[in-house]
Amino acid sequence: MGYVPVKGGTQAIEASIKRLKFERLKGKEIIEINTIMSTMRAMVDQVMSESSLYSPYLAALAIKQAEGSMEEAVFLMRAHRSTLPRPYYSQTVESETMFVERRISASFKDIPGGQLLGATYDYTHRLLDFDLIKENTEDNMQWLQNYQEELQNIEKLDELMYFPKVVDYLREEGLFEKHEANNTPPIDITKQSLQFPTTRSERLQVLTRGQTGAVTSLGYASLRGYGQVHPTVGEVRVGAVPIYVEHPNEMEQSKEEEFYIGEITVTEVESFVPTKVKNENNEYELEFEIGYGICYGQNETKAIAMSILDQCLEHTESDFPTHDEEFVLLHIDSVESTGFISHLKLPHYVTFQSKLDSMRQVKKGVQKIES
Amino acid sequence: MKAKTHFAFFDEGSKKEIRRAIMKAVAIPGYQVPFASREMPIARGWGTGGLQITLSIIGKADVLKVIDQGADESVNAVNIKKLVQETTGVELTDQTEDADIIQSRHRIPEVALTKEQIIVLQVPEPEPLRKVEAREYMTKRMHSEDDYSGVWLMLFEQIMKYGKTATAADHPVYVNHRYVMAPSPIPRFDNAKMHQSEALILLGAGREKKIYAVPPYTNVESLAFEDYPFTVESFEGEHCHLCGSTAIFLDELIDHQTGKTIYQCNDTSHCMDQLNKKEKAEVQTSYA
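If you read the protein sequences in the order shown, they are chains A and B. At position 277 of the first sequence the residue is numbered 276 (numbering that gives the first Met the number 0), and the sequence of numbers has no breaks. At position 37 of the second sequence the residue is numbered 36 (numbering that gives the first Met the number 0), and the sequence of numbers has no breaks.
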């Protein structure tokens with residue numbers, strides 16, 4: 000047979016998949032799931048966040064399988080997610096119940112409860128640490144032991160302390176409006192596709208599962224000038240929150256009978272954004288509004304950027320693209336954007352032939368007019 | 000921790016959800032039904048809309064054919080087939096006539112389909128008005144208000160600029176005299192195959208989360224003006240260099256030996272069929 004460009008696809012694919020496996024194995028090293036879970040915390044967190052599936056174990060497996068490619072790992076997790084039935088929705092989480100590991104405010108130095116730096120890269124010098132090249136277990140164990148000993152000498156509180164929200168303090172001062180709690184059940188965007196205009200519950204879901212880079216870029220664009228939101232970070236907190244579900248078939252529900260199913264670590268951000276509002280006398284007044292950001296794991300940049308975009312999308316009257324919900328919400332999903340970009344690698348023989356034909360016909364027509 | 004996947008990948012709840020969207024789409028020909036598109040084990044933009052439809056309607060006794068831009072052996076078609084077969088165990092075929100479900104990217108087979116068959120088309124951009132209006136909120140409104148002036152104007156502007164309509168694949172169609180629909184990027188050559196089709200046509204856009212349909216025996220007309228009628232890709236005077244077929248959609252190739260342009264059936268299964276028929280005829284006559 001003559002030249003058939005697309006024959007033999009089956010064998011070619013098999014060979015390609017084999018080659019891929021070879022690339023992963025050829026170094027003859029094996030990375031354990033546990034190693035990934037305990038040494039690549041930030042990556043595991045990011046994969047869980049972008050894939051909307053909270054499972055450090057599966058995220059680590061995905062990272063291993065994807066050879067560390069973020070988009071691939073998220074993709075694997077999302078596809079796995081499609082096979083899981085969803086029997087329950089959790090109860091609303093009150094983030095005041097967070098077991099706080101880190102909590103800072105850029106608005107007030109002296110917040111009730113105090114600033115708690117926790118673990119962060121923020122104050123490290125970004126110098127390559129060449130000592131890590133010859134890191135060994137023995138030294139590490141020694142370090143850990145010393146650290147534990149140091150902690151012994153610190154004075155402890157007898158009771159578990161919960162941190163109040165910074166914004167509560169400002170609400171009491173009348174700087175923030177007190178809103179009624181909106182208890183409308185959220186729309187599940189994985190069960191129902193987005194319809195415009197969206198509700199806030201839909202927007203927050205899309206933003207929290209957005210690709211970290213995309214959310215950060217758009218948040219930055221808004222902050223830099225392509226948007227009208229200039230926030231101050233009221234509070235960033237990182238920590239574990241407990242998750243409860245209702246009894247599935249008990250008619251009468253009470254808080255005591257809810258089931259605790261585990262805890263998840265999240266980063267939560269409340270940004271304070273001054274906005275102009277009209278008062279009763281039709282005069283403009285400044286008031287603070289809250290931009291809200293939250294994501295799985297510790298990913299503060301993403302959560303802060305999300306809080307900016309949340310506030311942007313609350314103000315659709317502005318002409319900037321960062322205030323346009325279709326522009327923001329339809330383009331930040333990792334699986335969607337990487338999928339459609341990569342589909343350009345598929346053959347387009349028919350469509351291109353059709354385009355060629357169209358151009359040739361047009362050219363023919365033009366020549367006729369000239370002659 | 001190792002889990003076996005369910006029949007046809009999805010849990011039954013998801014399948015039902017997708018089937019419900021399909022039913023609605025069939026009931027309103029050409030209307031884009033939103034659905035909660037699932038993430039699939041193949042990439043968005045690689046046929047996940049079609050794949051979700053196929054997986055939600057396929058049964059154990061069905062025979063499946065998958066084509067990509069006309070070819071059964073194209074890498075992506077092979078990949079999709081493999082996934083469906085691994086999760087369902089259904090029989091696969093290259094023969095258009097033998098298939099119950101045909102999932103296709105950007106082609107409708109040359110052989111006329113029957114009422115026993117369903118063709119599932121993969122759609123990258125389901126919105127025929129997207130070139131006219133970027134916002135989904137607005138395009139949805141335009142459809143509901145039967146406001147298609149934008150898309151007519153687009154064709155008119157092409158005539159003003161180029162002397163003729165200059166659409167390539169995905170030339171918009173009117174379905175059942177009501178909805179303007181993107182037929183998916185099939186060549187204009189294939190548009191006529193949708194009109195009064197005996198087979199049910201289902202279209203799935205995974206990334207854009209829409210399902211729509213052309214039920215059997217539905218009118219499908221390509222948008223055109225009386226004085227500028229709809230035209231299809233022209234292969235006048237050309238034929239397939241392998242099987243000699245004419246009046247089919249051809250791929251343009253370059254003969255490596257002579258450097259000349261040659262043509263070949265785009266529908267590889269049709270080409271094989273023609274070649275086999277020819278060979279059979281030759282064998283028969285030589286024995287006679």
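From the three backbone atoms N, C-alpha and C, an ideal C-beta is built for every residue, glycine too. The model shown is predicted, which means the values in this text are computed figures rather than measured ones.
Please report the residue range of the alpha helix (DSSP H) in which residue i lies.
i: Phe339 of chain A; result: Ser333 to Ser341
i: Glu86 of chain B; result: Per the sequence presented here, residue 86 of chain B reads as Thr, with Glu not at that position. It spans Val74 to Thr87 - the alpha helix (DSSP H) in which Thr86 of chain B sits, taken as one unbroken run.
i: Pro273 of chain A; result: Segment Phe258 to Lys277 is the beta strand (DSSP E) holding Pro273 of chain A; no alpha helix (DSSP H) there.
i: Asp309 of chain A; result: Glu299 to Glu313
i: Asp189 of chain B; result: Arg187 to Met193
i: Tyr295 of chain A; result: Per DSSP, Tyr295 of chain A belongs to no alpha helix (DSSP H); it is in the beta strand (DSSP E), Tyr283 to Tyr295.
i: Glu137 of chain A; result: Thr136 to Gln151
i: His79 of chain A; result: Met69 to Arg80
With DSSP collapsed to three states, give me the class of residue i.
i: Gln194 of chain A; result: coil
i: Phe229 of chain B; result: coil
i: Val174 of chain B; result: strand
i: Val25 of chain B; result: helix
i: Thr119 of chain A; result: coil
i: Phe326 of chain A; result: helix
i: Cys270 of chain B; result: helix
i: Arg101 of chain A; result: strand
i: Lys14 of chain B; result: helix
i: Thr166 of chain B; result: coil
i: Asp250 of chain B; result: strand
i: Leu222 of chain B; result: coil
i: Met0 of chain A; result: Annotation note: pLDDT 37 at Met0 of chain A (below 50); position unreliable, no value reported.
i: Leu91 of chain B; result: strand
i: Arg125 of chain A; result: coil
i: Met39 of chain A; result: coil
i: Glu234 of chain A; result: strand
i: Ser357 of chain A; result: helix
i: Met180 of chain B; result: strand
i: Ala291 of chain B; result: One cannot answer for residue 291 of chain B here, as it falls past the ends of chain B, which runs 0 to 287.
i: Val228 of chain A; result: coil
i: Val62 of chain B; result: strand
i: Ala111 of chain B; result: coil
i: Trp151 of chain B; result: helix
So is residue i buried or exposed if we call it buried at 16+ other beta carbons inside 10 Å?
i: Thr136 of chain A; result: exposed
i: Ser143 of chain B; result: exposed
i: Thr321 of chain A; result: buried
i: Pro127 of chain B; result: buried
i: Ser253 of chain A; result: exposed
i: Ser37 of chain A; result: exposed
i: Ser15 of chain A; result: exposed
i: Glu225 of chain B; result: exposed
i: Val276 of chain A; result: exposed
i: Ile260 of chain A; result: exposed
i: Arg140 of chain B; result: exposed
i: Ser148 of chain B; result: exposed
i: Tyr211 of chain B; result: buried
i: Phe258 of chain A; result: exposed
i: Val268 of chain A; result: buried
i: Ser370 of chain A; result: With a pLDDT of 41 at Ser370 of chain A, under the threshold of 50, the modelled position of that residue is not reliable, and no figure is offered here.
i: Arg125 of chain A; result: exposed
i: Ala59 of chain A; result: buried
i: Arg106 of chain B; result: buried
Which one or two residues does DSSP pair with residue i in a beta bridge?
i: Pro33 of chain B; result: B:Lys209
i: Val244 of chain A; result: A:Ser89 and A:Phe258
i: Leu201 of chain B; result: B:Val119 and B:Ala212
i: Gln263 of chain B; result: B:Asp250
i: Asp67 of chain B; result: B:Ala70 and B:Arg104
i: Val131 of chain B; result: None; Val131 of chain B has no bridge partner.
i: Phe8 of chain B; result: B:His5
i: Ala239 of chain A; result: A:Phe98 and A:Thr264
Assuming residue i and residue j form a contact by the criterion Cβ under 8 Å, report the distance between their Cβ atoms to the nearest whole angstrom.
i: Met76 of chain A; j: Val46 of chain A; result: 6 Å
i: Gly162 of chain B; j: Gly48 of chain B; result: So it is not a contact: roughly 36 Å between Cβ atoms.
i: Met73 of chain A; j: Val334 of chain A; result: A small fix is needed here, since residue 73 of chain A is Val in this sequence, not Met. Yes, Val73 of chain A and Val334 of chain A are in contact; Cβ-Cβ is about 6 Å, under 8 Å.
i: Gly117 of chain A; j: Arg101 of chain A; result: 3 Å
i: Gly338 of chain A; j: Gly44 of chain B; result: 4 Å
i: Gly218 of chain A; j: Met305 of chain A; result: 7 Å
i: Glu109 of chain B; j: Asp266 of chain B; result: 5 Å
By the DSSP assignment, the beta strand (DSSP E) with residue i in it spans what residues?
i: Gln121 of chain B; result: Ile117 to Gln121
Comparing the CB of residue i with every heavy atom of the ligand SAH, is any distance shorter than 6 Å?
i: Ser143 of chain B; result: As for the ligand SAH, it is missing from this structure, which has no ligand bound.
Under 7 Å between C-beta atoms, does residue i make it to chain E?
i: Gly364 of chain A; result: Note that chain E does not occur in the displayed structure, where the protein chains are A and B.
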